[in-house]
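Numbering (the UniProt record's numbering), first residue to last: 1 to 530.
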């Protein structure tokens with residue numbers, strides 16, 4: 001049988017480069033990935049090498065070709081989903097002048113305050129300037145310095161020789177598209193956190209001359225803006241050779257990860273949320289209007305659907321807490337593996353975690369974990385918050401600590417979900433859960449119990465970003481429409497709240513109280529050096 005036309009869906013996350021072959025009906029054939037290291041630097045720095053991304057992309061495409069040659073030959077379109085809020089300075093030839101400054105990087109915070117300070121101020125930023133951002137963009141730069149608005153100022157002020165050579169500042173998605181096509185563009189969602197666009201009309205996102213002038217960055221260093229579904233070209237000769245694909249393959253602009261996940265989850269109808277669980281996590285839902293909740297840091301922002309916005313409520317770290325637990329606390333050959341009855345041949349340390357969790361009662365025998373490993377974004381924007389285990393005793397076991405980590409992320413999500421309910425104007429009673437960490441059935445049940453709502457698991461949660469990129473590519477190529485997606489989406493299990501929900505009601509009250517009491521302590525411990 002002939003293979004249906006395929007979209008090569010690129011999924012570039014913080015943990016590494018992934019790719020899949022996606023048909024218009026959402027069928028995902030093949031999956032390949034390569035890790036890419038994150039370089040954590042003193043003073044809040046976090047970077048990745050974009051050339052390592054590009055090399056990894058060639059490797060994963062080669063893997064797909066070996067395993068699924070007929071499907072790779074059927075590729076007509078490429079579309080990407082990438083991590084957002086990264087910044088790469090490129091020269092006139094499109095070559096990177098720096099490593100990518102990651103969405104985790106906070107070194108630009110002081111430069112942001114210097115550029116946008118004034119009295120009265122919020123987080124060191126002029127209230128008058130904040131009001132202008134909210135009116136035009138729907139949001140504002142993070143006072144933590146974790147987005148391109150601050151990254152670009154960091155380069156301007158701390159790396160003037162790089163700034164002088166910079167032809168364009170690109171987000172992660174934009175750089176991948178430049179490498180694929182030779183064309184320099186930004187999408188309506190990738191440009192958002194440069195905070196220089198007028199977003200008041202969803203189908204007409206454009207630069208605001210007023211915001212660009214105030215940004216402190218030269219106008220010609222910002223790329224042209226395109227829709228996520230726009231065909232931006234075909235493969236450049238060098239890209240075609242690098243990937244082993246015909247130069248006739250078209251490239252659709254694509255989207256950053258939270259935009260793509262909302263498409264891949266099939267949650268394209270108004271006010272229909274999904275919860276994404278990856279390195280970070282978020283709750284998102286498409287909505288018809290631009291809106292901002294200043295107090296919680298939740299806003300509706302430009303997205304892949306041309307006449308809609310995407311409400312996005314972001315938590316800084318979710319699955320990253322498990323990665324930290326694995327890499328910093330539990331080594332792969334630790335006896336904890338045998339406690340989960342998992343050998344090297346049977347699975348990973350995460351499979352062991354999933355088996356251990358049910359052995360510990362809800363509430364983790366009194367241990368509470370706060371999952372703020374790298375600050376928080378919503379429902380509070382606070383770079384000073386840090387993770388902590390509380391109420392450890394001589395009786396506490398590592399299994400208790402493990403369950404507390406899973407519960408802590410879910411408790412933080414409940415805190416966020418309450419703000420989402422207010423934003424949407426009605427309580428959410430059911431939610432799709434997706435992302436790589438959603439493979440844990442134990443964690444999904446904890447989310448159902450902690451949130452007290454129905455949790456519907458995506459049938460292939462690890463592929464949600466790739467599937468979203470595939471569907472955006474298919475829409476851009478004219479194969480389907482966004483309205484087709486709900487009927488094409490699949491869930492494999494529904495988790496409903498059980499008796500443990502009552503236990504978590506009490507734990508949640510304590511969790512909220514802990515934030516109020518600990519936030520001032522963290523401000524003292526982690527305030528920037530003067």
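Glycine included, every Cβ here is placed at the ideal spot set by N, Cα and C.
Where the alpha helix (DSSP H) containing residue i begins and where it ends
i, result
"residue 444", "441-451"
"residue 417", "398-424"
"residue 16", "Looking at the DSSP string, residue 16 is not in any alpha helix (DSSP H); the run it does join, the beta strand (DSSP E), is 16-23."
"residue 83", "Careful: residue 83 lies outside any alpha helix (DSSP H) and carries neither H nor E."
"residue 71", "69-73"
"residue 514", "500-526"
"residue 202", "Here residue 202 belongs to no alpha helix (DSSP H), and DSSP marks it neither H nor E."
"residue 486", "485-488"
"residue 491", "It is not in any alpha helix (DSSP H) - residue 491 instead sits in the beta strand (DSSP E) that spans 491-495."
Between the CA atoms of residue j and residue i - distance to the nearest angstrom
i, j, result
"residue 373", "residue 186", "30 Å"
"residue 143", "residue 108", "9 Å"
"residue 9", "residue 19", "6 Å"
"residue 467", "residue 401", "34 Å"
"residue 369", "residue 128", "38 Å"
"residue 3", "residue 74", "7 Å"
"residue 163", "residue 155", "6 Å"
"residue 206", "residue 117", "25 Å"
"residue 324", "residue 210", "42 Å"
"residue 38", "residue 103", "11 Å"
"residue 232", "residue 328", "43 Å"
"residue 218", "residue 158", "16 Å"
"residue 226", "residue 188", "6 Å"
"residue 478", "residue 229", "10 Å"
"residue 35", "residue 96", "20 Å"
"residue 404", "residue 364", "5 Å"
"residue 340", "residue 99", "Summary for residue 340: the model assigns pLDDT 45, below 50, so the residue's position carries little reliability, and this model does not support an answer."
"residue 433", "residue 495", "10 Å"
"residue 335", "residue 326", "Interpretation of residue 335 is limited by its pLDDT of 48, a score under 50 that renders its predicted location unreliable; the figure taken from the coordinates is listed afterwards. In a straight line, the C-alpha of residue 335 is about 13 Å away from that of residue 326."
"residue 417", "residue 171", "28 Å"
"residue 237", "residue 359", "56 Å"
"residue 386", "residue 371", "7 Å"
"residue 44", "residue 351", "32 Å"
"residue 345", "residue 429", "Model confidence at residue 345 stands at a pLDDT of 40, short of 50, so the residue's coordinates are unreliable and nothing is read from them."
"residue 338", "residue 357", "The predicted position of residue 338 is uncertain, since its pLDDT is 48 and thus under 50; no value can be drawn from it."
"residue 174", "residue 147", "15 Å"
"residue 540", "residue 220", "No answer is possible for residue 540: the residues shown for the chain start at 1 and end at 530."
"residue 46", "residue 123", "22 Å"
"residue 12", "residue 62", "16 Å"
Residue i: first and last residue of the uninterrupted beta strand (DSSP E) it sits in
i, result
"residue 454", "454-458"
"residue 5", "Element bounds for residue 5: n/a, residue is neither H nor E."
"residue 319", "Residue 319 -> not in any beta strand (DSSP E); alpha helix (DSSP H) instead, spanning 319-324."
"residue 282", "281-287"
"residue 255", "250-256"
"residue 299", "298-302"
"residue 368", "368-370"
Residue i versus the options, residue with shortest Cα-Cα distance
i, options, result
"residue 455", "410, 505, 363, 355", "410"
"residue 270", "61, 489, 308", "308"
"residue 294", "131, 37, 281, 227", "131"
"residue 181", "266, 242, 66, 200", "242"
"residue 508", "522, 407, 239", "407"
"residue 234", "214, 196, 177", "177"
"residue 244", "64, 422, 375", "64"
"residue 292", "383, 363, 261, 425", "425"
"residue 213", "266, 149, 320, 174", "149"
"residue 145", "120, 184, 195, 160", "195"
"residue 78", "66, 42, 240", "240"
"residue 464", "30, 257, 352", "257"
"residue 288", "306, 275, 276, 296", "306"
"residue 247", "191, 76, 277", "76"
"residue 17", "1, 28, 55, 442", "55"
"residue 320", "376, 267, 274, 480", "376"
"residue 276", "191, 440, 199, 49", "440"
"residue 526", "106, 266, 193", "106"
"residue 392", "310, 384, 367, 133", "367"
"residue 458", "267, 114, 517, 199", "267"
Quick one: complete beta strand (DSSP E) runs, 3+ long, within the segment 105-191?
-> 168-170
Where in the segment 25-50 do unbroken runs of the beta strand (DSSP E), each at least 3 residues long, occur, reported from the N-terminal end onward?
-> If only uninterrupted beta strand (DSSP E) runs of at least 3 residues are considered, those enclosed by the segment 25-50 are 28-35, 39-41, 45-48.
The segment 92-109 / the segment 162-170 touching (three or more Cβ pairs under 8 Å) = yes
May I ask you to verify whether the segment 288-303 touches the segment 134-151, counting CB pairs closer than 8 Å and requiring at least 3?
-> yes
What are the start and end residues of each continuous beta strand (DSSP E) run of 3 or more residues lying completely inside the segment 213-237, in chain order?
-> 231-234
Is the segment 242-256 close to the segment 436-448, with three or more CB pairs under 8 Å?
-> The answer is no - the segment 436-448 does not touch the segment 242-256, with fewer than three Cβ pairs under 8 Å.
How about the segment 469-480 and the segment 16-31: do they share at least three Cβ pairs that are nearer than 8 Å?
-> Flag = yes, the segment 469-480 and the segment 16-31 touch.
Inspect the CB distances between the segment 390-398 and the segment 314-321 and report whether three or more fall short of 8 Å.
-> Flag = no, the segment 390-398 and the segment 314-321 do not touch.
Are the segment 483-503 and the segment 282-291 touching, with three or more C-beta to C-beta distances below 8 Å?
-> no
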